[in-house]
Amino acid sequence: MSFESIYKEYWSKIYRLCMAYVNDAGWAQDLAQDTFVIVWQQLASFRSESSIGTWIFRIATNNCLRQLERQKRNVKQELPLNLAEEKPVDIEPQIQLLYKFIGELPELDRIIISLELEEVKQAEIAQIVGVSESNVRVKIHRIKERLTKRFKEHGE
Amino acid sequence: MENSIDLKALWQQQAVPKADNHSLQSKIETLRKRKTRQLVWSYVSLIGVALFISWVWYYYQPQFLSTKVGIVIIIASIFMLLVAVGKLGPFYKALDASVNSQHYLDALIQIRQREQVLYTRIMSLYFLFLSIGLGLYLYEYTSQMKPQVAATAYAITFAWMAFNWFYLRPLQIKKNAKKLDAVIRQAEEIKNQFVD
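Same order as they appear, the protein sequences are chains F and D.
Per the working numbering, residue 1 is the first one in the first sequence, and the count goes up by one each step.
Per the working numbering, residue 1001 is the first one in the second sequence, and the count goes up by one each step.
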C-alpha cells in the first residue's frame, strides 16, 4: 500500500480521533499530521504482523498519549480555543457537544470510544490499546452510557 | 443500541479539514532539515573543541604535564556534556510508536526514569571533572606565584566550584527532575486507567 493511498484513506479517521482527544481543531490537525509523518518515516519497516489499520491507529493513539509531554501547548491552546469559537465554523451544536463530552473522559476512554465510533472492531481496539477484548467491551458499554447521560442532562 | 447509532452518525459528521499533502510534505522536509542541522552542529562543536585544545596548547606552551592534563580534562568534560545532552535525543527513537498503548506508556515511563538518572549522573560527573581539570590547570601558574597569591587564587577558584557544585548543579538537576516527574506522574495516571 503506498503512502498516498494510506494518507487518503486514513486522514479523516485519524483527524477525528485526534479531534476527540484534544477537542481543538488546529491542534487536532497538527496531531494528525504528526501521525502521518511517523507513518511516512516507518512505513518501510511495517511488517504485516497486524493490519495496516491497527498499525496506523496505534501510532495515532500513542501520538495522542504523547501529548502529556506537551502540557505547555495545552495551556497555550486555551486562548486560541476561544478565538476559534468566534469563527463562523459551521458545526452543528450536537456534534460539538459529542466531541466536548468525549473530551471530558479519561484519556484511555477517549481513545477507545473514538475507535469504536470509527467502527474499528472491538478485537482490533483491544490490540491497539493493549487491554483484553472483554475489558474493551465493558468500557465501551460504560462510556456510551456516560455519554448518553451527558446528552440527556444537557437536554433537560 | 439506538443511542450508539446516534453517536456514530454524529461522529461521522464532524467537519474534517481536507488532507493537505503539500503541508505534510513541507513538515517532513522541515524535520529532515532539522536532523541534518543537528548532525552538522554536533560535528562543528566537535571540530571547534579540537581546534580550541590545539590553540591553547600552541599559544600558551604549557610546561607542566598537570597543565596539559588539566586542559584535556576540562575540554573532555565540556565535550562529554555536549555529547550526553545530544545523546538524550535518541531515547525518543527507542520509543516505538507502533506498539500497543499500554506498552508504549510503559516504555515512555521507563525511558523518562532512565533519563532522570542519567541526567543527574552526567551533571555530577561534569562538575566533578571540570573542577579537577581546573585545579590541575591552575597548578603551573600558581606555582610561580607567591604562596599567599597562589592560595588566594585557589581559594577563589574553589569557592566558584563550590558554588557550582552546591548551588548550580542541584538547581539544574531539580529543574530537570521537576519536568520529568510531571511527565512520569501523568503517564502513570493514564496507565492506571488500563487496570480496571
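Beta carbons are placed, not taken as given, at the ideal position from N, Cα and C, and that holds for glycine.
Along chain D, which residues have their Cβ under 9 Å away from the Cβ of residue i?
| i | result |
| --- | --- |
| Ile128(F) | Asn1100, Ser1101 |
| Gln33(F) | Asp1020, Ser1023, Leu1024, Lys1027 |
| Ile125(F) | Going along chain D, no residue has its Cβ under 9 Å from Ile125(F), so there is no contact; the nearest lies around 10 Å. |
| Leu117(F) | Ser1004, Leu1007, Lys1008, Leu1010, Trp1011, Gln1012 |
Please determine whether the Cβ atom of residue i lies at a distance below 7 Å from any heavy atom of the ligand MN.
| i | result |
| --- | --- |
| Ser12(F) | As presented, the structure is devoid of all ligands, the ligand MN included, so that no description of it is given. |
Report yes or no: is there a C-beta of chain D within less than 8 Å of the C-beta of residue i?
| i | result |
| --- | --- |
| Arg16(F) | yes |
| Asn23(F) | no |
| Ser5(F) | no |
| Gln122(F) | no |
| Trp27(F) | no |
| Leu79(F) | Unreliable positioning characterises Leu79(F) in this predicted model, as indicated by a pLDDT of 40, which lies under 50. A coordinate reading is not provided. |
| Ser12(F) | yes |
| Pro88(F) | In this prediction, Pro88(F) scores a pLDDT of 42, lower than 50, which makes its location untrustworthy; no coordinate-derived value is stated. |
Give a yes or no on whether 8 Å exceeds the smallest Cβ distance from residue i to chain F.
| i | result |
| --- | --- |
| Leu1010(D) | yes |
| Gln1186(D) | yes |
| Asn1021(D) | yes |
| Gln1116(D) | no |
| Leu1128(D) | no |
| Leu1007(D) | yes |
| Ala1110(D) | Here the sequence assigns Gln to residue 1110(D), which means Ala is not the residue at that position. Not one chain F Cβ lies under 8 Å of Gln1110(D). |
| Phe1194(D) | yes |
What does the alpha-carbon distance come out to for the pair residue i and residue j?
| i | j | result |
| --- | --- | --- |
| Trp1165(D) | Tyr15(F) | 49 Å |
| Gly26(F) | Tyr1126(D) | 42 Å |
| Glu107(F) | Tyr21(F) | 7 Å |
| Ile1075(D) | Ser1101(D) | 43 Å |
| Gln1012(D) | Asp1020(D) | 20 Å |
| Gln42(F) | Leu31(F) | 17 Å |
| Leu1081(D) | Glu69(F) | 24 Å |
| Arg73(F) | Asp34(F) | Reliability fails at Arg73(F), whose pLDDT of 48 lies under 50, so the model's placement of it is uncertain and no value is given. |
| Gln1148(D) | Tyr1137(D) | 18 Å |
| Lys1191(D) | Ala1097(D) | 16 Å |
| Phe46(F) | Glu124(F) | 17 Å |
| Gln113(F) | Val136(F) | In the sequence under discussion, the amino acid at residue 113(F) is Ile, which differs from the Gln named in the question. Cα-Cα distance, rounded: 9 Å. |
| Asn1176(D) | Lys1033(D) | 27 Å |
| Gln67(F) | Gln1144(D) | 59 Å |
| Lys1027(D) | Val37(F) | 8 Å |
| Val75(F) | Met19(F) | Caution is warranted here: a pLDDT of 41 is assigned to Val75(F), below 50, making its placement in the model unreliable, and no coordinate value can be reported. |
| Gly53(F) | Thr61(F) | 12 Å |
| Thr1120(D) | Arg1112(D) | 12 Å |
| Leu83(F) | Asp24(F) | Unreliable positioning characterises Leu83(F) in this predicted model, as indicated by a pLDDT of 40, which lies under 50. The coordinate reading is nonetheless provided below. Using only the alpha carbons, I get a separation of about 11 Å. |
| Glu48(F) | Met1(F) | The sequence shown places Ser at residue 48(F), not Glu. The alpha-carbon atoms of Ser48(F) and Met1(F) are separated by roughly 11 Å. |
| Tyr1104(D) | Asn63(F) | 10 Å |
| Leu98(F) | Ile140(F) | 15 Å |
| Leu1007(D) | Leu1180(D) | 38 Å |
| Tyr10(F) | Thr1030(D) | 23 Å |
| Gln1014(D) | Arg1114(D) | 41 Å |
| Gln1038(D) | Ala1151(D) | 43 Å |
| Phe57(F) | Ser1124(D) | 42 Å |
| Lys1178(D) | Tyr1167(D) | 16 Å |
Find the residues of chain F that neighbour residue i, judging by a C-beta separation of less than 7 Å, and give them in chain order.
| i | result |
| --- | --- |
| Gln1113(D) | What Gln1113(D) touches in chain F: nothing, since even the nearest Cβ is about 14 Å away. |
| Tyr1104(D) | Asn62, Leu65 |
Could you name the residues of chain D that residue i contacts, counting a contact when the two beta carbons are closer than 7 Å?
| i | result |
| --- | --- |
| Gln94(F) | Leu1010 |
| Met19(F) | Gln1014 |
Using the beta-carbon of each residue, which ones in chain F are nearer than 8 Å to residue i?
| i | result |
| --- | --- |
| Ala1097(D) | Ile38, Gln42, Arg58, Ile59, Asn62, Asn63 |
| Ile1190(D) | Leu65, Leu68, Pro106, Glu107, Leu108 |
Which chain D residues are close to residue i, counting only those with a beta carbon under 8 Å from its beta carbon?
| i | result |
| --- | --- |
| Ile111(F) | Ser1101 |
| Lys8(F) | Ala1019 |
Within 7 Å of chain D by C-beta, residues of the region 131-149 of chain F in sequence order: For the region 131-149 of chain F, the residues whose beta carbon sits under 7 Å from a beta carbon of chain D are, in order, Val131, Lys144, Leu147, Thr148.
Selection of the region 1024-1058 of chain D by Cβ proximity to chain F, strictly under 7 Å: Answer set for the region 1024-1058 of chain D: Leu1024, Lys1027, Ile1028, Leu1031.
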